[in-house]
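Engineer: Once you've had a glance at the structure underneath, I'll fire off some questions.
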Amino acid sequence: MCIFDNDIGTEELAHLEMIGTMVQQLTKGVPVDILEKSGLGAYYADHDRAVYPVNASGVPFTAAYIQSKGDVIADLVEDMAAEQKARATYEHLINLTDDPDVKDPLRFLREREVVHFQRFGEALRIVQELMGKKKYY
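In terms of our numbering, the sequence shown opens at residue 19 and continues consecutively.
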């Protein structure tokens with residue numbers, strides 16, 4: 019595990035909470051028939067307006083999404099790819115709204131993914147440099 023994984027992992031869980039809270043705030047007070055017409059009927063039936071992290075298809079978040087091979091280079095590259103996928107998702111969400119109160123937090127979250135990608139890239143460079151050095155015993 020990378021030295022950055024714990025701090026960034028904690029922040030990523032906070033991102034899930036922020037998005038869930040935004041959805042909860044946006045659906046508060048919306049009549050059930052409107053939720054159903056908007057494609058949220060099944061979600062409402064299972065969770066009301068509670069924060070329950072699922073993807074756009076309704077598949078719940080699971081730790082199975084977190085890849086770990088035990089190889090520092092493979093794991094860091096996987097971390098970097100995950101950050102880029104999250105960045106792209108935030109960009110898509112930004113494109114879906116014209117509400118500045120929704121766009122601003124999404125932009126913040128997108129920028130955090132960029133920073134995480136950069137930190138993992140720095141860690142990858144350090145690891146590759148260390149692995150390339152001659153070992154003295």
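The beta-carbon is built from N, C-alpha and C at its ideal position, and this holds for glycine as well.
Can you tell me whether D93 is helix, strand or coil according to DSSP?
Structural biologist: Counting from one through the sequence shown, the residue named residue 93 turns up at place 75. Helix at D93.
Engineer: Span of the alpha helix (DSSP H) holding Q85?
Structural biologist: For the purposes of this step, residue 85 is taken as the residue at position 67 of the sequence shown. Taken as a continuous stretch (DSSP letters only), Q85 belongs to no alpha helix (DSSP H), as it is neither H nor E.
Engineer: By a C-beta neighbour count over all protein chains shown, 10 Å radius and 16 as the cutoff for buried, is Y83 buried or exposed?
Structural biologist: Your numbering for residue 83 matches position 65 in the sequence shown. Counting Cβ neighbours within 10 Å, Y83 comes out exposed, since fewer than 16 surround it.
Engineer: Kindly give me the distance between the Cβ atoms of T39 and V77, rounded to whole angstroms, as I take these residues to be in contact under 8 Å.
Structural biologist: Start at 1 with the first residue of the sequence shown, and residue 39 comes out as number 21. Start at 1 with the first residue of the sequence shown, and residue 77 comes out as number 59. That belief does not hold up - the Cβ atoms of T39 and V77 are roughly 20 Å apart, past 8 Å.
Engineer: Hey, H101 and R128: beta-carbon distance below 8 Å or not?
Structural biologist: For this step, residue 101 is matched to residue 83 along the sequence shown. For this step, residue 128 is matched to residue 110 along the sequence shown. Looking at the sequence provided, one finds Glu at residue 101 rather than His. Not closer than 8 Å, so no.
Engineer: Is V159 helix, strand or coil by DSSP?
Structural biologist: One cannot answer for residue 159 here, as it falls past the ends of the chain, which runs 19 to 155.
Engineer: Under 8 Å Cβ to Cβ from E29, same chain only, skipping five residues before and after it: list those, please.
Structural biologist: Translated into positions along the sequence shown, residue 29 becomes position 11. Excluding residues within five positions, the ones whose Cβ falls inside 8 Å are R130, H134.
Engineer: Roughly how many whole angstroms lie between the Cα atoms of G47 and L31?
Structural biologist: Residue numbering aside, residue 47 sits at position 29 when the sequence shown is read from its first letter. Residue numbering aside, residue 31 sits at position 13 when the sequence shown is read from its first letter. The straight-line gap from Cα to Cα measures roughly 26 Å.
Engineer: With DSSP collapsed to three states, give me the class of P78.
Structural biologist: On the sequence shown, position 60 is the one that residue 78 refers to. It is a strand residue.
Engineer: Taking I26 and R137 to be in contact with their CB atoms under 8 Å, please state how far apart those CB atoms are, rounded to whole angstroms.
Structural biologist: Locating residue 26 in the sequence shown gives position 8, where the first residue counts as 1. Locating residue 137 in the sequence shown gives position 119, where the first residue counts as 1. With a contact defined as Cβ atoms closer than 8 Å, I26 and R137 qualify at about 7 Å.
Engineer: Go to V120, then tell me how far its alpha helix (DSSP H) extends in each direction, as first and last residue.
Structural biologist: Position 102 of the sequence shown, counted from the first residue, corresponds to residue 120. 118-150 is the extent of the alpha helix (DSSP H) around V120.
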